[in-house]
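Input: a single structure, listed below in structure tokens.
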Amino acid sequence: MASSSFLTGERAVVALFIAWIVFSVPQSLLSESLSLSLLSLLALSVEISVDASSSVPLSHFFKTRPGASSGIFLGAVTLPGVMVSKLIQMSRAVSLNQSGSEELENLQLLYWVTSASCYTVLAYLCFIFYQQSDSKNCATSRCSLSCIALYFVVCCVSFAVKSHCGWYTAAILLWLFSHGYAAVKLIQNILHTFPACASIGEALLVTVGLVIYFGDMLACTAAKSHGYFTASKLVTVPYGIQRSEVSIIIQGLIIGLLLFPMLFKYVLQFLERASLASSRDTVDNHMRRSCVFYISLACVLIIAVPSWMQLVQDFHVHPILCYQILQHL
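Count along the sequence shown from 1, add 2, and you get the number used in our numbering.
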């Protein structure tokens, strides 16, 4: 029974997917290959421990979708595996002089951001599970702790070898840690805000994608708005690359729509505290909420988002006037 529960179809497919990627990696991406292997082993050990535990299931702690498997292994290795696949393609393009080395370094940093976010969430899950579990000396526990330690060593050595000063390595590690911390907080918020709607693996996949997207936005903004960051070596290579206008527009619209509910919530709270008559007339209250909703949405999509697009990308025409371009197409 133990072997049948261990060898599931989903784990076998994911393991074959990771093995195919790892054996296709060139020597220049050895650290990324090793870190992906350690991350996969860590995710597999955590999933086995969580699914095999009946005394302290994480599904009760996080209120995940009932009846669904945890999906930690699949959710943790999907985005890092895709990033390594893109790194393999980019390294081949660089060797054939079809692409620049700056784009390869950009993808490498994005991979480490993705991998570190998954790694931090897995370490957090390990901490919760083994803190409440009685089986702290089992094989999966020792395997998880070993993978956590080895991954951290590989990450530090990889950036120490590539950089020329310790300050750069410390800054990059702090940048990765900030993404991991944000991923832990975000997955907690997602699983508690939407109970019984997703498994841990699905929530992890969504969380890492959002953290990468917002982190890339913050880095682009910092690189464009502050000369200190561009003068230093922190964001020059990965975030100084010229992006396409289409990708900037899509990223700005998605981030604006994701941030809009938060802005709408705080604006409503401020107006309700400022208005003493808000709780007396229900009709006026609903009308006020509707007006605040549309005005806030217009401010985000017409003012805030286009202003950020113009900041990070030198558009020939301001994004607010993009509809004029569409009329001439």
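Glycine included, C-beta positions come from ideal geometry on N, C-alpha and C. In this text, all values refer to a predicted model and were calculated from it rather than measured experimentally.
When secondary structure is reduced to three states using DSSP, P263 falls in the helix class.
Its Cα nearest to that of C158, the residue W177 stands out among V302, T142, W177, L265. Distance from the Cα of E204 is smallest, within the candidate group I189, V156, L31, for I189. Ranked by Cα distance from G83, the first of E34, F154, F64 is E34.
Note that the C-beta distance between L40 and V156 is below 9 Å.
In the three-state reduction of the DSSP assignment, C158 falls in the helix class. By the Cβ-count criterion, M92 is buried, with 16 or more other Cβ atoms from all chains shown falling within 10 Å of its own Cβ. In the displayed model, P197 falls within coil according to three-state DSSP, outside both helix and strand. In the structure shown, the three-state DSSP call for S165 is coil. Considering only F216, T209, K164, the residue with the shortest C-alpha distance to I74 is T209. By the CB criterion at 9 Å, C145 and L32 fall outside the cutoff. By the Cβ test, the region 208-227 is not in contact with the region 99-109, since fewer than three Cβ pairs between them sit closer than 8 Å. Rounded to whole angstroms, S165 and A173 show a C-alpha spacing of 11 Å. A check of alpha carbon separations from A45 across Q100, V27, S148 identifies S148 as the nearest. DSSP, reduced to helix, strand and coil, places S71 outside both helices and strands of the structure shown, so it counts as coil. Going by DSSP, S47 is part of the alpha helix (DSSP H) stretching over 32-54. Apart from the 5 residues on each side of it in sequence, F295 sits with its Cβ closer than 8 Å to the Cβ of F266 in its chain, given in chain order. Nearest to E49 by alpha-carbon distance, out of Y170, T223, G102, S201, is S201. For C140, the three-state secondary structure derived from DSSP is coil.
Taking the Cα positions, C293 is about 15 Å away from Y268.
Residue state for P28 is assigned as coil, using DSSP reduced to three classes. Around the Cβ of H181, a 10 Å sphere holds 16 or more other Cβ atoms; the residue is buried. Fewer than three pairs of CB atoms, one per stretch, sit closer than 8 Å, so the region 93-102 makes no contact with the region 121-131. When the alpha-carbon of A224 is set against those of W310, I252, T80, the nearest one is in W310. Distance from the CA atom of G168 to the CA atom of S30, rounded to whole angstroms, is 22 Å.
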